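The structure appears below as structure tokens.
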Amino acid sequence: MRIWHLSQFFFVLMVVLCLTVVLKKKGTECDCRDSVQKREEFEEQLLQRSNVSNSCSPQNFSVRQDVLGVLHIPYDYLLGTPGTGKRFLTIGISSVKRKKQNYLLETIDSVFNHLSPGELEEVRLVVYLANQDQSLNLNTAQEINEKFASTINAGRLIVISTSSKNYPPLDGLKRNYNDPPDRVKFRSKQNVDYAFLVNFCANLSKYYLMLEDDVSCAHNFLTRIKMGIESQRTSWTTITFSSLGYIGKLYHNLDLPKLARFLLLFYDEMPCDWLLDHFYRSKAQLEMIRIKPSLFQHMGTYSSFQNNHNKLKDKEFVEVVEKFGDSPPASCFTNIEAYLDHVADNVCFLGPNFFWGKNLTPSSHFTMVFQEPINIENVTIVTGSADHPGDVLRSGYVQLGRRKVTDNGHQTCKDFTNIGEFHGGVFSSNNINNPMGENIDCLKVQVSATQEHWLLIQKIGIWMRK
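In structure tokens form, the structure reads like this:
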């Protein structure tokens, strides 16, 4: 037995010696001793500070506040303040000045231009200016203020920054994946930028959406996000509404302090999009929850890293160039059996998707419920398509509704008024008179006879009275 223990000891000793030799050899091959030493010194300073703090008031320690709570980072408020009251969604954008072309103002404009008046009260946008030169942050803030002063005064837009002194070491970091030093510095700083941004946003709303400073938004993106949230049947950490990098990632605001710490803990290890994937997996979400089509498109052509040319586009982003009506924010539902993913909500959002259903009876209907009452002047509804010309509504009519009620789990309207019938698979009603078209909450397509052919609703155009 002693001999067996002795042989075990020598085996372990040999393994340790071999690992030591290998590590020493690797150490000579990469120039990372200085970076490791710098990080160790930085972490040692943090430990010393925390030890002093703990020795002074150990009775004040709280896991909820000191470990899971918001980090006490000193932010500079350049424009706006958080105010009081939480909103439904905070959108966070981290931005640095590009030498060739900047897209930040266009991105801010796209966010607010794709929100209805009611939705504006549910959303707050936070822009974190991450230039290490504070004068660049101040100049950018001035540009934002000149264009969005009323938005800032309404409490919808906040612009912040912080001193570069609050950042961990960014120079001489270890070169994981054999990246060049400038690339390592760029991505490590970017991790810290996003950590500081999400930490600031932790108490502002119920949900948090991450965007970049060079994106455009789809029409009705907030409605689509709400639908994506409501469609989840299990707990989740991250939902994405884009196929690109950091764009369109949605989080519970309660998770933001943890995400901030996670990004800071591994800031010099790997790119931010990799860390974001590791974050949701660490919280037992097995795979990314992806909502299609994409709601945000990358529009920049020059990267913030060395101003490299970047033509990256989201192939799953769909936005109709040819506008068909005013597209008021709405949700759609039907009692018609949908085929595959050709569901009712496809008609509520601009894009090539459509509704396609079967087994129509006189009780079948397709109903659109508007977020806010609207005044309708014209309505055009097109059924069938070039590929399926027979799948038109052969017998049916259109109704406008008022007074929202809930029926079988769906919002609908209590009072409906007929405004006309379908002819040749198309409904068109122009110049709807004022009393009939005012304060409309719903639009319903009502089937009036059984038909063997399926029904394909291609698009619904609604023009509002100005």
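Here the sequence shown stands for residues -24 to -1, 1 to 442, numbered as in mature numbering (1 follows the signal peptide of the UniProt record, and there is no 0). For every residue, glycine included, the Cβ atom is placed at its ideal position computed from N, Cα and C. Nothing here was measured: the structure is a model prediction, and the numbers come from that model.
Is it true that the CB of residue j sits closer than 7 Å to the CB of residue i?
i, j, result
"tyrosine 373", "asparagine 406", "no"
"glutamine 108", "serine 140", "yes"
"lysine 334", "tryptophan 439", "no"
"alanine 306", "phenylalanine 346", "yes"
"cysteine 389", "aspartate 363", "no"
"glycine 224", "threonine 356", "no"
"phenylalanine 124", "leucine 112", "no"
"leucine 80", "serine 71", "yes"
"serine 181", "threonine 66", "yes"
"asparagine 351", "glutamate 414", "yes"
"arginine 209", "glutamate 353", "no"
"isoleucine 267", "phenylalanine 217", "yes"
What does a CB cutoff of less than 6 Å around residue i pick up in its chain, not counting 5 residues either side in sequence?
i, result
"asparagine 322", "Asn329, Phe330, Phe331"
"valine 368", "Thr359, Gly360, Gly401"
"residue 491", "The structure shown does not extend to residue 491, since the chain spans only -24 to 442, so no value can be given for it."
"glutamine 434", "Phe330, Val358, Ser361"
"tyrosine 256", "Thr213, Thr214"
"glutamate 206", "none"
"glutamate 397", "Tyr373"
"histidine 386", "Phe309"
"glutamine 427", "Leu336, Arg370"
"lysine 73", "Asn107, Leu112"
"asparagine 196", "Pro305, Phe325"
With which residues is residue i paired in a DSSP beta bridge?
i, result
"aspartate 52", "Ser137"
"tryptophan 332", "Leu432"
"isoleucine 438", "Val355"
"histidine 399", "Val402"
"serine 71", "Leu105"
"lysine 420", "Thr343, Gln375"
"threonine 310", "Phe342"
"methionine 412", "None, per the DSSP bridge assignment."
Let me check you understand the geometry: is the CB of residue i closer than 6 Å to at least one non-hydrogen atom of the ligand MG?
i, result
"arginine 151", "Ligands displayed in this structure: none; no statement on the ligand MG is therefore possible."
Grab me the residues of residue i's own chain with a C-beta within less than 7 Å of its C-beta, minus the 5 sequence neighbours each way, in chain order.
i, result
"glutamine 422", "His341, Gly372, Tyr373, Gln375"
"valine 46", "Asn175, Ala178, Asn179, Pro233"
"aspartate 317", "none"
"leucine 146", "Lys161, Ser164, Lys165"
"aspartate 169", "Ser70, Tyr104, Ala106"
So residue i and residue j are supposed to be a Cβ contact under 8 Å. How far apart are they, rounded?
i, j, result
"isoleucine 136", "tyrosine 184", "Actually they are not in contact, since the Cβ atoms of isoleucine 136 and tyrosine 184 sit about 15 Å apart, beyond 8 Å."
"proline 338", "serine 424", "6 Å"
"glycine 131", "valine 102", "Not a contact, Cβ separation roughly 12 Å."
"leucine 251", "leucine 240", "No, leucine 251 and leucine 240 are not in contact; Cβ-Cβ is about 10 Å, not under 8 Å."
"leucine 271", "cysteine 193", "7 Å"
Helix, strand or coil for residue i per DSSP?
i, result
"asparagine 36", "helix"
"histidine 254", "helix"
"serine 405", "strand"
"aspartate 391", "strand"
"residue 499", "Residue 499 is absent from the model: the chain starts at -24 and stops at 442."
"lysine 123", "helix"
"alanine 171", "helix"
"glutamate 348", "strand"
"phenylalanine 176", "helix"
"glutamate 206", "helix"
"leucine 369", "coil"
"phenylalanine 325", "coil"
Return the chain-ordered list of same chain residues with a C-beta closer than 8 Å to the C-beta of residue i, the five sequence neighbours on each side being excluded.
i, result
"valine 160", "Leu149, Lys150, Arg151, Asn152, Asp244"
"arginine 237", "Leu47, Ala171"
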